[in-house]
Amino acid sequence: MNHAVKTRSKKQHWLLVPVILIIVVGVVVDSIGAGHGEHAGVFSIPGFWSVFGLVGCLILAGACKLAARLFLKRPENYYDDVL
Amino acid sequence: MMMFSEMVVHPAALFLAAALLLACVRPGMLQRVLLLGTPVAALVAALRLPDRFGDMRYLGMDMLFGRADPLAALFLYSFIVLAGLGALYSLQIRSRTQKAAAFAYTAGCTGVVLAGDFLSLFIFWELMAFASVFLIWGGSARSAAAGFRYILVHAAGALILLAGILLRVRLGGTLAFEPLGTGGLNVADILILIGFLLNAAVPPLHAWVADAYPEASPGAAIFLCSFTTKAAVYLLVRGFAGLEILAPLGAAMALIGVGYAVIENDARRILAYHIISQVGYMVCAIGIGTDLALNGACAHAFSNILNKSLLFMGIGAVVLQTGRGRLYELGGLRRLMPRTLVLTMIGALAISGFPLISGFVSKSILITALEQAHRPGLVLMLMLASIGTFFSVGIKLPLFIWFGRARSAQYGDEVKDPPWNMQLAMALTAALTLAVGMFPNLLQSLLPYSEVSRVYSAAHVSHTLQLLAATAIGFYILRRALVPKPGILLDVDWLYRRGAAQVMRLCAGPLNRLNDWVGELYQRVGVGPVQQASGLLTRFDRSGIDGLIDGLARHTLVIGDGLRRIQTGKIQHYIGAAVIFFFLLMIIVMLY
Numbered sequence: 146m147n148h149a150v151k152t153r154s155k156k157q158h159w160l161l162v163p164v165i166l167i168i169v170v171g172v173v174v175d176s177i178g179a180g181h182g183e184h185a186g187v188f189s190i191p192g193f194w195s196v197f198g199l200v201g202c203l204i205l206a207g208a209c210k211l212a213a214r215l216f217l218k219r220p221e222n223y224y225d226d227v228l
Numbered sequence: 002m003m004m005f006s007e008m009v010v011h012p013a014a015l016f017l018a019a020a021l022l023l024a025c026v027r028p029g030m031l032q033r034v035l036l037l038g039t040p041v042a043a044l045v046a047a048l049r050l051p052d053r054f055g056d057m058r059y060l061g062m063d064m065l066f067g068r069a070d071p072l073a074a075l076f077l078y079s080f081i082v083l084a085g086l087g088a089l090y091s092l093q094i095r096s097r098t099q100k101a102a103a104f105a106y107t108a109g110c111t112g113v114v115l116a117g118d119f120l121s122l123f124i125f126w127e128l129m130a131f132a133s134v135f136l137i138w139g140g141s142a143r144s145a146a147a148g149f150r151y152i153l154v155h156a157a158g159a160l161i162l163l164a165g166i167l168l169r170v171r172l173g174g175t176l177a178f179e180p181l182g183t184g185g186l187n188v189a190d191i192l193i194l195i196g197f198l199l200n201a202a203v204p205p206l207h208a209w210v211a212d213a214y215p216e217a218s219p220g221a222a223i224f225l226c227s228f229t230t231k232a233a234v235y236l237l238v239r240g241f242a243g244l245e246i247l248a249p250l251g252a253a254m255a256l257i258g259v260g261y262a263v264i265e266n267d268a269r270r271i272l273a274y275h276i277i278s279q280v281g282y283m284v285c286a287i288g289i290g291t292d293l294a295l296n297g298a299c300a301h302a303f304s305n306i307l308n309k310s311l312l313f314m315g316i317g318a319v320v321l322q323t324g325r326g327r328l329y330e331l332g333g334l335r336r337l338m339p340r341t342l343v344l345t346m347i348g349a350l351a352i353s354g355f356p357l358i359s360g361f362v363s364k365s366i367l368i369t370a371l372e373q374a375h376r377p378g379l380v381l382m383l384m385l386a387s388i389g390t391f392f393s394v395g396i397k398l399p400l401f402i403w404f405g406r407a408r409s410a411q412y413g414d415e416v417k418d419p420p421w422n423m424q425l426a427m428a429l430t431a432a433l434t435l436a437v438g439m440f441p442n443l444l445q446s447l448l449p450y451s452e453v454s455r456v457y458s459a460a461h462v463s464h465t466l467q468l469l470a471a472t473a474i475g476f477y478i479l480r481r482a483l484v485p486k487p488g489i490l491l492d493v494d495w496l497y498r499r500g501a502a503q504v505m506r507l508c509a510g511p512l513n514r515l516n517d518w519v520g521e522l523y524q525r526v527g528v529g530p531v532q533q534a535s536g537l538l539t540r541f542d543r544s545g546i547d548g549l550i551d552g553l554a555r556h557t558l559v560i561g562d563g564l565r566r567i568q569t570g571k572i573q574h575y576i577g578a579a580v581i582f583f584f585l586l587m588i589i590v591m592l593y
C-alpha cells in the first residue's frame, strides 16, 4: 500500500520536469527579446505569463472551490422532487 | 411559393426534405444514404449559392431567404460539415424521431444563417427551438423534464425576439436584417438583442445550456453543442458588432462558464459550461467590433464548433460505453478506450489553445485584436479563462476519466472503444482541427473581414506555453483538493426549478396565514363593533329619539350596512384601500 503510493507520487513528480522546462525555455525566449513587439507593456516582461498562470490558477480554483462549499454545492437528488 | 433560379437550392430545403424522409424510413441502407448523403449534397449546394437569392413578397412584406455573403458562408459551411460529422457519429441511434429532429434542427440553423430579413429569420429560429427539444427528449431519464424547461426558456426568448421585430416595424424600421442600433439602441433593438443573447447563453440567460444539453443522447449533443449558440454568435456579429456592453459581458461570461467547469463533476456538464465560456470569448470580441476582432470571433466560432463537438463525441463515447457520466464514477479507462483518449485529448488541447491545434489560431487572432484595441483588462480576463479551460478540460477531465483507477465498481467486459463510425467521425473532426491549427491560412482565407494578423509568433507561442505549463503546476499543487465528489451545483435555473416552488410555498404558507389573520381580525374588530354600535344606536333610537328624529335609525342601518360591505375580508382590497388612502394623504400634503 505504502509502496504503491510512493511510486504514484514519483510518477507525478517526473511529469513536472517537462512542464518546468517549458517555463524555463519560455522565460529565456522572452528575455532575449523575441517576446517583444506583440504584447504591450507589462505583458512582455519575461516570465509574466508564467507567474500569471500560476497565481491565476490558484486564485481561480480556490475561489470556485470556496463558492461551491459556501453556497453552490447541493446533494445529487436536490431537484428530484420538482420538474 | 419560393421561386429559385435554376440550380440554386437552399441547404435548409435539402435538410428539411431529408428530415421528412428520415421520419418515415426504417433503419437500413436508405437511412444511411440519407444521413450521410444529405450533408454532402447540402455542402455542394452551399458552395454554389449566389450572394443573394430567394427574394419573395409575402403578406406585403419583403423576405429574403438567401444572403450568402462571406460572413454567412463561413458559418454555413461549418454547420453543414458538422451536421455530416454528427450524422456519421450517430448512425447507430435507432430513434427515427432523433434523426429527423437532427436534420430539421440543421435546416433551421442554415436557414437562420442565410436569412436576410427578420421574418424568415424568426421562422427558422422557431424551427431550431422546436427541433432541438426533440433531440433533448431522446436522452436520459431526466431529459423529459430538462426538455420542457429548455423549450419554456426558448419560447420566452422567441417571444421577446418577436416582440422586438414587431416593434421595430411599428417604429418605422424595415424587416431587412441589417446592423442594428447604429444610432443608439431603441426598445425594439434591445428586445431583439435579448432574444439573441438568450440563444448565445449570455449570463444570466445561460442556465439552459448546462441544464439541457448533458441530458441529451451523445449523438444529439453534438448537434446541440454546435448550433444554437454559434448561430446566435453569427446573429450578434451581423446585428450588434461594436456594441460596447458586449465586451465586458463576454469576458465575464468566459469566466463564469469556466468557473463552473472547474468545480463541476459531471463530464458533460463540464463541456456544457465550456460552451458558455468559449462563446464568451466571441461575445467579447463582437463588443470590440474592429475588423480583426470580428474575424477573431468568427474564427473562434469555427474552431470551437470543431473542437467542442470533438470533445462531446469523445465524452459521449465514454458515457455510451460505460453508462457513467460523473467523474467520481469514472477513471482508469486508458487501457480500455485508448483511441477515444487520444482523439478527445486533441479536442481538449485545441480548446485550451495549444499551439498547432485550431484553438490556438482563433484565440491568437482574438487576443491580438483585444490588444490592438488597448483593452488589457479584457485580455487578462480571457487569459484567466484560458487557465480555467486547460485546468478543467485539458487536465481534470482526462485525468479523472482515463487515468488512475476506477473510482466505483469495475467496468464490464463490453467497455471498449466505440464502433467504427464513431471513431471515424472523431478522427475526421480531429484531422480538421489539426489542419486548421497547422495551416492557419486555411481558416484565414475563409474569414469575412479583411484584417488578419500573424498567428504564429515566438512571443505568442512562448506566452501560451508558459500559461499552460504554469496552470499544470497549479493543478499539481491543488491535486488533493480536486478529487471529484458527488453533488450538483446551483445555477440560475434554480430560479425556475426551486425558486418558483418557493414562491408557491410562500403563497400557500405565510401569505395564506396572513389572509386568514386579516379575515379573523375583520370578524373581531370589524363586524363585532359595527354590530354592537348599530345595536346601541337601535336601542338609543327606540328608547329616546325614535319619535324625535325619525330618519336617524334608517340612516344608521344604511351606514352600518355600508361599513359591512366595505370590509370584504380580502387582503387585496385592504392593500388597495391603503394605497388609495396613501395617495389621498399625499395629495392633501401637497395641497397645503
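As given, the protein sequences belong to chains G and D, one line each in that order.
Plus 145 on top of the position in the first sequence (first one is 1) and you've got the working numbering.
Plus 1 on top of the position in the second sequence (first one is 1) and you've got the working numbering.
Here a beta-carbon is modelled for each residue, glycine too, at the ideal position from N, C-alpha and C.
All of these numbers come straight from a predicted model, not from anything done at the bench.
For Leu466/D, the three-state secondary structure derived from DSSP is helix. The beta carbon of Tyr412/D is closer than 7 angstroms to those of Thr323 and Leu337 in its chain, skipping five residues each way along the sequence. Looking only at Leu194/D, Val188/D and Ile137/D, the smallest Cα-Cα distance to Gly158/D is reached by Leu194/D. Contact annotation for Ala108/D against chain G: no contact, minimum CB-CB distance about 30 angstroms [criterion: below 7 angstroms]. Taking 9 angstroms as the threshold, the shortest C-beta distance from Ser463/D to chain G falls below it. Within the DSSP bridge table, the entry for Leu490/D names Lys218/G as partners. The stretch 237 to 245 of chain D makes no contact with the stretch 206 to 220 of chain D, as fewer than three CB pairs between them are under 8 angstroms. Assignment of Phe54/D by DSSP, reduced to helix, strand and coil, places it in the strand class. For Phe149/D, the three-state secondary structure derived from DSSP is helix. Look at Gly536/D here: in three-state DSSP terms it is helix. With contacts defined by Cβ atoms closer than 9 angstroms, Gly117/D and Ala177/D form a contacting pair.
Per the C-alpha coordinates, the member of Leu162/D, Leu160/D, Ile161/D and Asn187/D positioned closest to Gly173/D is Asn187/D. With respect to chain D, the C-beta atom of Val174/G has a partner C-beta closer than 9 angstroms. In this structure, the beta-carbon distance from Leu199/D to His155/D falls below 9 angstroms. Taking every protein chain shown into account, the CB of Lys486/D has fewer than 16 other CB atoms within 10 angstroms, so this residue is exposed. Taking 7 angstroms as the cut-off between beta carbons, the residues of the stretch 492 to 505 of chain D near chain G are Arg498, Arg499 and Ala502, in sequence order. When DSSP states are grouped into helix, strand and coil, Phe228/D belongs to the helix group.
Take the alpha-carbon of Thr291/D and the one of Arg270/D: they are about 33 angstroms apart.
DSSP places Arg33/D in the helix class (H, G or I) of the three-state scheme.
DSSP links Asp63/D through a beta bridge to Arg58/D. Just measuring C-alpha positions, the residue of Leu444/D, Ile396/D, Trp421/D and Gly405/D sitting nearest Phe476/D is Ile396/D. When DSSP states are grouped into helix, strand and coil, Ala43/D belongs to the helix group. Against chain D, the beta carbon of Trp194/G has neighbours under 7 angstroms at His464, Gln467 and Leu468, listed in chain order.
Among the bridge pairs identified by DSSP, Ala177/D is matched with Asp118/D. When the beta-carbon positions are compared, Thr434/D and Ala351/D come within less than 9 angstroms of each other. For Val170/G, the closest Cβ of chain D is nearer than 9 angstroms. Within the stretch 380 to 400 of chain D, those residues whose Cβ lies closer than 8 angstroms to any Cβ of chain G are, in chain order, Val380, Leu381, Met384, Leu385, Ile388, Gly389 and Phe392. Taken through DSSP and simplified to helix, strand or coil, Asp225/G comes out as coil. Contacts with chain G at 9 angstroms (Cβ-Cβ) include Pro487/D. Interface residue (Cβ-Cβ distance to chain D less than 9 angstroms): Val162/G is not classified as such.
Sorting Ala46/D, Thr430/D and Tyr274/D by C-alpha distance to the C-alpha of Val394/D places Tyr274/D at the top. For Ile264/D, the neighbours in chain G by C-beta distance under 7 angstroms run, in chain order, Cys209, Lys210 and Ala213. Residue pairing for Asp517/D: DSSP places it in no beta bridge.
Under the three-pair Cβ rule at 8 angstroms, the stretch 421 to 437 of chain D counts as touching the stretch 87 to 96 of chain D. Here the stretch 292 to 303 of chain D does not lie against the stretch 253 to 271 of chain D, with fewer than 3 beta-carbon pairs under 8 angstroms apart. The three-state secondary structure of Asp562/D, taken from DSSP, is helix.
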